[in-house]
Structure formats: structure tokens, C-alpha cells
Amino acid sequence: MIASPLPDLVGRGRECADLDALLNGLREGGSGVLVVRGEAGIGKSVLLDYLAAQASRVKVTWAHGIEADMELPYASLHQLCAPFLDELEELPEPQREALRVAFGMAAGDPPDRFLVGLAVLTLLTRASETRPVLVLVDDAQWLDQVSLQTLEFVARRLLAEAVAMAFAVRDPEGQTALNGLPALQIDGLDTLAAGELLETAVGGRLEKRIRDRFVTEMHGNPLALLEFSRGRSAAELAYGMDSSRYPSPQGPVARRIERDFASRLGSLPTETRTLLLIAAAEPVGDARLLARAAASLKITPHAAPAKAAGLITFGESVRFRHPLVRSAVYHRAGTEERRAVHRALAEATDPVLDPDRRAWHAAQAADGPDEEVAAGLERAADRARQRGGIAAEAVLLERAAEVTPGRWPRGRRALAAAEAHFSAAAPDRATELATVAELCPLSALDRARLARLRARILFARSRSDEAAPLLLEAAAQFTAAGSPLARETYLEAISATIFAGRVHGPTGARAAAMAARGSGAPPSGSEAADLLLDGVAALLTDGYETGVPALRGALELLEHEELGTRESIMRWLLLVPVALEAFIHYAWDLHAWDTLASRAVRLARDIGALGALPPALIYAGGVHIHYGDFAEAARMIDEADALAAATGHAPHTYAALVLAAWRGEEDVAAGIIEEARQRADQRGEVSLLGATGYIQGVLFNGLARYEEAMKAARTGIEHDGFNFTGLSLVEHVEAATRCGELDQARASLARLMELTRATDSGWARGAGARSQALLSDGDEADRLYRTAIKEFGRGRVTVEVARTHLLYGEWLRRGQRRSLAREQLRTAHDMFDGMRAQAFAERARRELLATGEHVKARENKPASSLTPQESQVAALAADGMTNAKIGAELFISPHTVEWHLRKVYAKLGINSRRALPGALASTRAADIAHEGTARAG
């Protein structure tokens with residue numbers, strides 16, 4: 022016999038051991054996550070039941086996914102959190118209000134789903150302070166979308182909490198759900214265990230070849246073996262069955278099981294079958310609601326035969342033996358039977374307490390178009406949107422469109438459903454609904470919305486320049502309709518061309534800017550947005566001397582504009598990338614870059630907009646790269662990557678590439694650059710080519726591989742993009758002069774001077790002066806190098822200050838002015854060494870050696886070994902922030918904060934929070950001292 026902790030778990034010793042390990046870690050105060058995967062009937066639910074049965078001294082909370090056409094936002098999450106809602110008042114206010122709105126307990130702006138996720142993480146963490154918490158989620162593939170996304174976010178943020186999560190996911194339906202989390206794949210039982218289970222079910226021994234044939238046919242699926250053998254004796258299996266009663270099983274295992282369940286329904290009384298159909302159509306499992314619906318149909322609830330058949334259990338809630346029973350009951354019924362049941366459920370559902378589900382059942386009961394039903398669904402969709410359930414809003418609006426009798430309102434609802442599906446990351450469904458809307462009469466404003474939606478879908482699929490003409494067409498339609506959305510859409514069109522990487526040509530940024538300027542579009546309602554559009558359009562159409570001053574007018578408003586609502590903040594966050602690209606690449610304004618990026622990070626943190634926070638952190642990290650604070654830049658990039666992973670977004674590789682280039686990490690940069698190039702070719706993102714040209718220019722100049730740097734920088738110059746041209750020109754001038762290609766260098770210098778002429782920033786002035794110095798001699802070169810150092814310092818572009826010291830020192834050494842050269846080269850080496858800019862530091866070291874000064878190569882060991890996350894936590898704690906506030910700031914739980922702090926204390930050799938400021942200061946001093954030992958003589 023095969024040992025098993027429970028009778029139903031024959032042959033699952035390995036799987037139980039994995040679950041036991043999860044539970045043991047939880048009891049010891051650790052966190053853990055496990056996704057149990059497998060086909061229908063393979064035993065996932067039984068394994069979760071085993072986990073719950075073993076969880077002594079642990080709080081257990083469940084959520085059950087149920088296959089249903091309707092999706093109510095956060096319904097499953099509310100079910101799971103219900104036992105802990107008495108702790109709700111203890112949550113930080115933004116988290117508390119987000120959860121209250123999500124659960125329909127309060128009205129307010131639609132909450133960010135990741136802020137809801139942080140609230141759930143905090144709620145579970147607080148609950149675990151008295152006893153560990155075990156979260157069990159069965160049939161996770163059928164949770165409402167926003168609940169599943171939120172729980173995935175929580176699972177990815179668990180680290181030091183006494184919280185464990187186990188999910189059961191059916192494949193293939195759930196193949197894409199919860200990817201990347203630790204998984205336990207459940208396969209069929211082996212032949213020996215499956216045979217034992219089969220013989221137990223039939224109550225007798227079977228001849229080996231008979232037993233093995235059935236095990237093979239059922240692929241070792243435990244539920245298939247149990248259900249197929251139910252009510253059958255060993256003799257029947259051995260000598261043959263009545264084919265009229267037991268047809269030969271065919272097709273996939275799940276389909277066989279469902280057919281077997283369906284075959285049992287025929288022998289049940291009519292009223293029992295109707296009762297089962299009511300339960301199948303009502304996913305909540307509310308026994309009182311089922312009784313009211315049964316009374317509406319004038320049937321007496323008669324459940325005993327269904328219980329005897331092993332199909333369902335009744336109590337305070339109604340639960341089918343297996344989801345395939347529900348499916349079999351619902352799909353076996355006729356269309357009119359299902360409509361009658363939904364009609365009864367609509368009548369039995371409280372219109373005040375549960376209006377959304379009532380509206381849905383009424384829609385399912387409709388046998389044709391019905392405006393009253395459609396209006397009810399539209400109201401339900403609006404409530405779903407207010408709770409942050411975009412996916413539910415989309416489904417409700419889609420059904421509303423289906424049952425709308427009039428063509429005008431049907432088109433309007435289909436368009437709204439298409440927009441909601443697009444926002445819920447379902448572009449294929451959005452396209453289908455957009456086609457439905459297009460076939461209906463629409464108002465001029467709705468036609469413009471439809472055009473904009475189609476452009477957005479195209480741009481989301483491929484960031485090519487094909488979307489810009491469609492956006493321009495939509496903007497023109499908005500203008501004709503007098504809509505404030507016109508200017509916003511023109512800015513979106515210009516943004517699309519920027520990301521596609523085209524300035525010139527009929528689909529380029531300049532054409533879009535000219536269309537915007539000549540449109541006569543009405544104000545958007547945001548003065549900052551209007552000034553930004555005017556500035557960017559002037560920059561592209563009139564040139565730098567007109568455009569840059571116009572941009573400066575937008576900066577002050579963007580910096581200080583009052584943002585009173587979540588919606589206004591989200592609109593501001595959408596404007597910022599366009600503004601930053603303009604200020605970085607045309608105004609050469611590091612201060613503006615810092616100001617806008619810092620405000621974006623702060624606002625995104627304040628409202629919990631985790632979708633907007635990673636790009637804001639990337640921009641802020643870019644600022645710190647230019648400040649020469651590579652450690653802070655790395656912390657921000659790491660946080661952005663961690664948040665992107667936790668929220669299911671693609672990582673932002675640009676800043677990591679720039680940092681790797683300045684550090685001289687060729688091996689790190691190479692793979693990411695190749696991937697970016699492939700993506701540029703596949704998706705038409707020419708701007709990526711410009712970025713990689715600039716990045717490789719920095720990398721190869723640092724490594725003194727000037728021919729490769731010249732070739733790469735040329736790519737950055739020639740990509741015809743809005744971005745990176747100026748930065749690539751700077752790299753090209755340096756590389757070309759080192760390669761003796763002076764004509765190329767002079768041509769790039771001329772373009773650079775034209776590009777920087779309109780701005781008075783220290784960054785621009787420094788770039789121009791240094792590039793001129795590279796092509797000058799004698800006193801003029803000396804003066805230009807000194808000017809460049811001064812101007813870069815004025816602009817606080819520390820990396821370029823260090824680089825100018827290096828170039829100046831190299832020029833002085835070649836002029837045999839060794840003493841002066843050493844002074845500049847020492848400064849460059851010390852600055853680069855302190856930044857950990859290894860390639861540039863090594864270049865400076867080699868130059869110093871050539872002057873006769875001996876310099877040790879850096880040992881690549883930092884004085885402290887704090888991780889980026891530990892450094893962030895330590896810095897915030899040293900500033901006096903509590904664990905709760907640090908957790909809210911970094912989107913982790915207070916327990917995780919404390920866990921990081923304990924590691925920080927151990928690494929720094931301290932034992933209290935009070936010692937942190939001094940320890941961190943000592944660490945920085947040790948870093949400086951360590952840097953000082955890298956130079957001798």
C-alpha cells in the first residue's frame with residue numbers, strides 16, 4: 022500500500038511534503054507562496070484541503086474562483102479579506118480608503134489596484150501579528166481579474182511576514198495566471214497509486230491488465246478514476262458494462278468527467294434538476310437566495326437526490342462537488358430553462374444591496390433587446406468603474422450593448438465597452454467592440470473617440486509611426502466637435518511620433534506639431550498641458566530659439582500646478598514623459614529634469630499609482646546618473662524593476678543601460694542592447710536605435726575604443742529622432758577627434774552648436790565648450806576646457822565635469838605639460854573612482870601612469886554591503902520615518918521594513934535605530950577612505 026496522510030491523497034507523498042514545508046516555514050514566522058498547477062480533477066483542491074487540515078495554530082482564509090460570465094470587481098478579494106476587516110481602521114488612511122472604495126463600503130475616486138494590493142498586504146500582515154495567516158485560493162483562474170492581479174501583487178511583495186499563500190490553478194485555462202511564482206506541478210498518479218485508488222473505489226481487486234487499461238485511459242487523473250468507477254463493481258469493470266448506461270469514455274479527461282456528471286442528472290427529479298440549475302447560475306452560493314429563486318419558480322427545494330448523487334452540498338452556502346458539476350448542470354439545460362432561472366434570480370436579488378448582480382441576471386434572462394435591462398447594466402458598469410474594476414466595467418458594458426434595442430445607444434455603449442476593454446489590457450476584444458460601434462450611427466464626438474481608440478490600439482501593438490496620422494485625424498475631429506480632448510490628443514500624436522523616433526516626413530513629429538498649431542483647438546482645461554503643447558509644437562516647427570523659451574513657460578506650471586483630484590494627478594503624470602523628453606534633449610535642463618521627475622515620484626507614491634511610479638523612478642534615476650550618484654540611481658532603478666515585476670509590467674531598460682555604460686559594464690550592456698535593437702526592428706521603435714547609439718557611444722568612449730564609439734554615436738545622430746541626437750553628437754565629436762576624423766567631428770560640432778544655441782543651461786554651454794576644445798589648440802583650447810568645467814558645474818552635471826577634467830588632462834599630457842595634466846587627471850580619477858565609473862576611472866589611471874604617477878587599480882569591493890533596498894530603508898529610517906511610513910513609501914509591509922533593518926543593523930554593527938545616522942555617515946566616510954587608497958605616489 023502507498024502511504025498517505027489522508028485517504029483521498031493516495032500517491033501524493035511528494036506533494037504533501039512540499040505543502041508541509043510551506044506550512045512549517047509559516048509557523049516559524051516566514052512567508053511563502055506556492056501555485057499548485059494541473060488539469061481538472063488532478064487533485065489540486067484536495068491538496069489545498071489537506072493544507073487547511075494541517076494548519077493548526079494558523080488563521081486560514083479562503084477564496085474560491087467560480088466560472089461565471091459576470092465579473093464583479095474585487096468580489097473574490099472581499100471574500101478573502103472578510104475575516105480581517107475589523108482591522109481596517111488600523112491601516113494608513115490612503116490604504117484604508119482605497120480598500121473601502123474597492124469593496125463598495127464607501128464612495129470615492131477609483132482606487133489604484135496596486136494601492137489596494139498594498140492595503141491587503143498590510144491587512145494580512147496585521148492579522149499575522151497574533152497568529153500566522155494562510156491564504157488559500159482555489160480555481161484562481163476564475164477569480165475576477167482585478168482580485169487575481171491584486172493577490173499576485175501581494176504574493177510578489179511577501180518577504181518577512183508570517184503570511185503564506187497557496188493558489189490552485191487549472192491548466193490549460195490558467196496557463197498565463199500567476200506566472201513566475203513558485204509552482205508545484207501536479208501530474209496524474211503513477212500506475213501503482215492509480216490502481217490502488219481505483220480498486221478502493223470499486224471495492225475489490227482487479228486483474229492487472231484490466232486495472233492498467235483504465236488507469237491509462239484516465240491518465241492517472243484521480244477524479245476521473247473515482248467518478249468513472251462510481252456505482253460500478255469490480256465485476257462490471259472486469260467483464261464489461263452495459264453500453265447504454267456507460268458509454269465508452271472519449272476525448273480529454275475533463276470532458277469525460279463532465280459528461281459523466283451530466284449523465285447522472287437524467288435520473289434526478291425535475292425539481293431537483295431545476296434547483297441545481299439555479300445553484301449553477303448563481304455563483305455566490307447563497308442558500309437563502311437559492312430558496313427565494315426556487316419559490317419564484319414555484320418549486321420546492323428538493324436537494325436529497327442531488328446530495329445522494331454526490332453532486333452538491335448544502336449548508337449556509339451551496340457548493341458543488343467540483344466545478345465540472347456546475348458546468349455540466351448549466352450547459353445541459355436548454356436556453357429557455359436557463360433564462361427562466363436567471364429571471365427568478367433577478368427577482369430574488371435585492372435591488373438595493375446587490376443591484377449589479379440583479380442587472381446581470383436580468384440581462385441573461387432577456388430573450389431580446391431591452392432598454393431597461395441595458396440601462397441597468399450601464400449603471401452597474403459605472404459602479405464597477407468607481408470601484409476600480411475596469412475589466413468588470415468592460416464586460417457589463419459589452420452585455421449592455423448586446424441587449425440595447427436602439428442603434429444610436431448601442432453604438433455609444435459598444436464604444437464605451439471597447440474603451441474599457443482597452444484600458445483592461447484586452448486590445449483584441451476592444452477591436453471587436455470598436456467594429457460594432459463603427460457599424461452604428463455615432464455622434465461627431467463619439468466618432469473622434471473611436472478614431473483615437475483605434476490609434477491607441479495600433480500604437481500599443483507596435484510603436485511605429487502608423488498611429489500618428491490616426492491620432493491627428495481624431496484630434497481634428499475633436500476640434501471640429503469643440504471638445505477639450507483635441508489638444509490632449511494632438512499632444513498624444515506628437516508623443517507617438519517621439520516614441521516611434523521620427524521627426525521629419527509626413528508621419529513625423531514636425532508634421533504633427535504643424536497640424537496642432539494650425540488646428541485652432543479649444544483649451545484642454547489644463548493650462549500646463551496647453552503650454553506644453555505650444556512649447557513642443559514651437560520647438561518642432563519654429564526651431565530651438567522659439568521653442569525652448571516657450572517650454573520654460575510650461576515648466577513653472579508643471580512644477581506648481583495644483584492637483585486636487587486623483588484624475589488630475591493621473592493626467593499630469595501622463596504629460597510628464599513628453600515634457601521630460603523636451604527638457605532633457607532640447608533645453609538641456611538637468612534642474613527641470615530633477616524637478617519634474619521628483620514631483621512625479623512623489624505624486625505617484627502619494628496616490629499609490631504603481632503603474633506610473635516605475636517610469637517616474639527611471640527618470641529620477643537618470644537625474645542621479647548625471648549627478649554622479651550612481652548608488653542612488655541604482656536604488657531607484659532596482660525599485661522600479663521590482664515594482665514592474667510585482668505589477669506585471671515590462672522592465673524599463675533605458676536607465677539600467679545608461680548606468681551600465683557609465684560604469685563601463687560592457688557585459689551587462691551588450692545583451693540588453695541587442696534585445697533593444699531587436700525590439701526596435703520588430704515594433705518600429707526607431708527611438709530605441711537613437712538611445713542605443715548614445716549609450717554605446719558612452720560605453721566605448723569610456724573603454725577607449727573610439728572607432729566603435731564613433732560608429733555607435735553616428736547611429737544615434739542619424740536615427741531622425743526627437744531624442745538623443747544632441748547627446749549622441751557630444752559622443753561623436755570626442756570619438757571622431759580621437760580617430761582623426763576631424764571633418765566628421767567638425768560637422769557634428771556645427772550641429773551641436775545649433776542645437777544648444779537657444780538655451781543658457783550649464784549643461785548645453787559645457788557640452789558646446791568642451792566639444793569646441795577638442796577641435797582647438799593652444800590657449801583657445803585651454804580656455805574652452807576651463808569654461809566647460811565651469812559650465813558643467815553650474816548645471817550640476819557631475820559626470821560631465823569629471824569627463825572634462827579627463828579630456829583636459831589628456832590634452833595637457835599630450836602637450837608635455839605633465840604637472841598640470843596630473844592635477845586634472847587626479848581629479849578625474851578620484852571623481853570617477855568615487856562614482857564607480859570603472860572604465861573612465863581606468864582610462865584616467867592609465868593617463869596618470871603615462872605622466873609617471875603610480876595609481877592602484879580599484880578593488881571592486883564597496884566598504885559597505887547594503888543592498889539597494891536596505892540602503893533605501895536605512896536612509897528613510899535615519900530620517901526619522903516609522904516602519905509604517907517607510908512601508909507605504911516603498912510599497913512593502915512594515916514587517917519587511919523591520920526585516921531589512923535587522924539586516925542593516927547586523928551589517929553596520931549597530932543595534933538600534935538611533936545609531937543609524939552616525940553609522941551611515943561612517944559608511945560614507947569609509948567609502949571615501951577606501952577610494953583614497955586606490956591612489957598612491
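Position 759 of the sequence shown, counting from 1, maps to 780 under the working numbering, and the rest follow consecutively. The C-beta atom is built at its ideal place from N, Cα and C for all residues, glycine as well.
Those residues which DSSP pairs with residue i across a bridge
i: Trp83; result: Leu157
i: Val56; result: Phe188, Ala204
i: Ile333; result: Phe341
i: Val175; result: None; Val175 has no bridge partner.
i: Asp307; result: Ser338
i: Val754; result: Beta-bridge pairing links Val754 to no other residue.
Beta-carbon gap between residue i and residue j smaller than 9 Å
i: Ala365; j: Leu318; result: yes
i: Ala308; j: Val346; result: no
i: Thr819; j: Leu846; result: no
i: Ala439; j: Leu471; result: yes
i: His921; j: Val894; result: yes
i: Arg508; j: Leu554; result: yes
i: Arg772; j: Tyr648; result: no
i: Pro344; j: Pro390; result: no
i: Ile658; j: Gly642; result: yes
i: Val350; j: Leu286; result: yes
i: Gly685; j: Glu863; result: yes
i: Ala534; j: Ile515; result: yes
i: Glu487; j: His382; result: no
i: Leu9; j: Ala222; result: Because the chain here runs from 22 to 958, residue 9 falls outside it and cannot be looked at.
i: Ser348; j: Ala301; result: yes
Contacting residues, own chain, Cβ-Cβ under 7 Å from residue i (five flanking each side not counted)
i: Thr848; result: His826
i: Arg450; result: His442
i: Asn881; result: At Asn881, the pLDDT of 49 sits below 50, so the modelled position is not reliable and the matter cannot be decided from this model.
i: Glu812; result: Gly783, Arg786, Gly787, Ala790
i: Arg656; result: Pro889, Ser892, Gln893
i: Ala842; result: Gly830, Leu833, Arg834, Thr872
Residue of the options minimising C-alpha distance to residue i
i: Arg280; options: Arg353, Ala214, Leu246, Ala300; result: Arg353
i: Trp429; options: Arg815, Ala942, Leu466, Arg400; result: Leu466
i: Pro959; options: Ala446, Ala661, Glu111; result: Because the chain here runs from 22 to 958, residue 959 falls outside it and cannot be looked at.
i: Ile411; options: Pro426, Arg434, Ala446; result: Ala446
i: Glu49; options: Leu55, Val79, Ala61; result: Val79
i: His577; options: Val597, Ala481, Val719; result: The question names His, but residue 577 in the sequence shown is Glu. It is Val597.
i: Ile519; options: Leu506, His606, Leu552; result: His606
i: Glu36; options: Val56, Ser52, Leu47; result: Val56
i: Phe745; options: Ala559, Gly685, Phe604; result: Phe604
i: Ala558; options: Trp614, Ala532, Glu548; result: Ala532
i: Ala690; options: Gly503, Glu844, Ala730, Ile716; result: Ile716
i: Ala189; options: Ala183, Leu199, Glu182, Leu180; result: Leu199
i: Val158; options: Thr903, Arg804, Leu101; result: Leu101
i: Ile320; options: Gly747, Thr291, Trp593, Gly86; result: Thr291
i: Gly870; options: Arg587, Ser589, Arg834; result: The residue asked about is misnamed: residue 870 is Leu in this sequence, not Gly. Comparing Cα-Cα distances from Leu870 to each of Arg587, Ser589, Arg834, the minimum goes to Arg834.
i: Gly34; options: Asp208, Pro193, Leu139; result: Asp208
Same chain, Cβ closer than 6 Å to residue i, five either side skipped, listed in chain order
i: Thr808; result: Ala790
i: Thr616; result: Glu580
i: Phe105; result: Leu144, Ala148
i: Ala421; result: Ala395, Leu398, Glu399, Arg434
i: Ala940; result: Leu929, Ile931
i: Asp130; result: Arg587
i: Ala119; result: Pro132, Leu136, Val137, Ala140
Proximal residues to residue i (C-beta, below 8 Å), its chain only, five neighbours per side dropped
i: Ile646; result: Ala654, Ala676, Val679, Leu680, Trp683, Val820
i: Asn932; result: Tyr926
i: Pro376; result: Gly397, Arg400, Ala401, Arg404
i: Ala312; result: Pro322
i: Ser269; result: Caution applies to Ser269, whose pLDDT of 45 falls short of 50 and renders its modelled position unreliable; the value that the coordinates give is listed next. If we look at Ser269 and ignore the five residues flanking it on each side, it has no Cβ neighbours.
Check: residue i C-beta below 8 Å from any heavy atom of the ligand NAP
i: Asp307; result: Because no ligand of any kind appears in the structure shown, any question about the ligand NAP cannot be addressed here.
Quiz item: Unbroken alpha helix (DSSP H) runs of length 4 or more, entirely within the segment 475–504: which are they?
Solution: 488–501
Practice problem: Tell me the start and end of each unbroken alpha helix (DSSP H) in the segment 910–944 that is at least 4 residues and wholly inside, in chain order. | Solution: 915–929
Quiz prompt | Contiguous alpha helix (DSSP H) assignments of at least 4 residues, all confined to the segment 400–454 | solution = 411–423, 428–444
Practice problem: Please list the segments of the alpha helix (DSSP H) lying wholly inside the segment 583–614, counting only runs of 4 or more residues, in order along the chain. | Solution: 587–606
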